[in-house]
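The structure appears below as structure tokens.
Residue numbers (my numbering): 262 to 568.
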């Protein structure tokens, strides 16, 4: 059985190159493999997934319009500021009410407010978080992130959201960039462009959030991890728009980015640690779930009635 499952580990990334394969399916198969297969490939690809994900996002930038990106960034700025602040405040209050450890509360709140696992990885050193606090927070965010990829497109269609509104909503309410891209790509091309742009703009808030935590935590020696790949994403957009004769190349790079994102989601699925998920406390999961519902509902209401 393990032998055949091991072969799937190499077959699925190839399947991701074909039109019939989708991002949610890639993630779903990855999670199934994580449950039933424990080969050494999981460890090896786990180290490469981060870089494949970032490279895929950069490649998708080549086909994006500078004008659309600037307009999307401007429009989404205020809702990003408000949603990050509201999420952090609600998270701290809920954490105290549910009696979740302070560091775990901050990690889950930061992951929900900005960009999931990337935010947790960035602020964990600033907090001086222990390994088990980081693991539990990542487990909560990963599970909710996977659920979001599957249910958000369905909810979006039920609520009859247009692609632009869905792109904003997914970027604000889904945790990780990978699942935002996956959910938006399942919804439509315009949703994908809006969602990717808003989410990457949102990711930059890792820096001020980490600085604020360091200030209040009085931890000046902490290292802040800056998401440098976002600047490469901007460079890709500029090259794609202003260097002549790049149209066909841009299309190929964009296609490569979308397929790379699908492979990344598969590898992310295979990296789930079921032991950590089982060991995560009920209150910790409740914190993540309630906070997620709050930000999803509030951001939807803003987009639907105020935006």
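Where a beta carbon is used, it is the ideal one built from N, C-alpha and C, also for glycine.
None of these values were measured; they are calculated from a predicted model.
- Note on residue 463: 16 or more other CB atoms within 10 angstroms of its CB, so buried under the neighbour-count rule.
- Cβ neighbours of residue 432 within its own chain (closer than 6 Å, five residues either side excluded): 441, 456, 459, 460.
- DSSP places residue 448 in the uninterrupted alpha helix (DSSP H) bounded by 438–448.
- Assignment of residue 372 by DSSP, reduced to helix, strand and coil, places it in the helix class.
- Exclusion of the five residues before and after residue 412 leaves no residue of its chain whose Cβ lies closer than 6 Å to its Cβ.
- Using a Cβ-Cβ distance cut-off of 8 Å, the region 268–285 and the region 385–402 are not in contact, since fewer than three pairs of beta carbons, one from each stretch, lie closer than that value.
- Judged by beta-carbon spacing, residue 284 lies beyond the 8 Å limit of residue 535, meaning their Cβ atoms are not closer than that value.
- Looking only at 537, 319, 516, the smallest Cα-Cα distance to residue 495 is reached by 319.
- Under the criterion of beta carbons closer than 8 Å, residue 524 and residue 313 qualify as touching, at roughly 6 Å.
- The way I'd put it, the region 541–561 does touch the region 347–361; three or more beta-carbon pairs between them come closer than 8 Å.
- For the pair residue 317 and residue 501, the CB atoms are not nearer than the 8 Å cut-off.
- Rounded to whole angstroms, residue 514 and residue 447 show a C-alpha spacing of 19 Å.
- The alpha-carbon separation between residue 373 and residue 393 amounts to approximately 18 Å.
- The beta carbon of residue 322 sits closer than 6 Å to those of 494, 497, 498, all from its chain and outside the five residues before and after it, given in chain order.
- For residue 403, the uninterrupted alpha helix (DSSP H) run begins and ends at 392–419, by DSSP.
- Relative to residue 388, the option among 420, 473, 415, 530 whose CA is nearest is 473.
- For residue 362, there is no enclosing alpha helix (DSSP H), as DSSP marks it with neither H nor E.
- Of 345, 451, 289, the smallest CA-CA separation from residue 428 is found for 451.
- Closest in alpha carbon position to residue 469, among 366, 371, 298, 290, is 371.
- Distance from the Cα of residue 531 is smallest, within the candidate group 407, 344, 365, 328, for 407.
- Non-local beta-carbon contacts of residue 290 in its own chain, meaning distances under 6 Å to residues more than five positions away in sequence, involve 273 in chain order.
- Take the alpha-carbon of residue 424 and the one of residue 340: they are about 17 Å apart.
- The alpha helix (DSSP H) runs lying completely inside the region 512–565 and spanning 4 residues or more are 535–540, 543–562, given in chain order.
- Looking at the backbone, the Cα of residue 365 and that of residue 390 are separated by about 8 Å.
- Comparing alpha carbon positions, the residue from 292, 344, 361 closest to residue 543 is 361.
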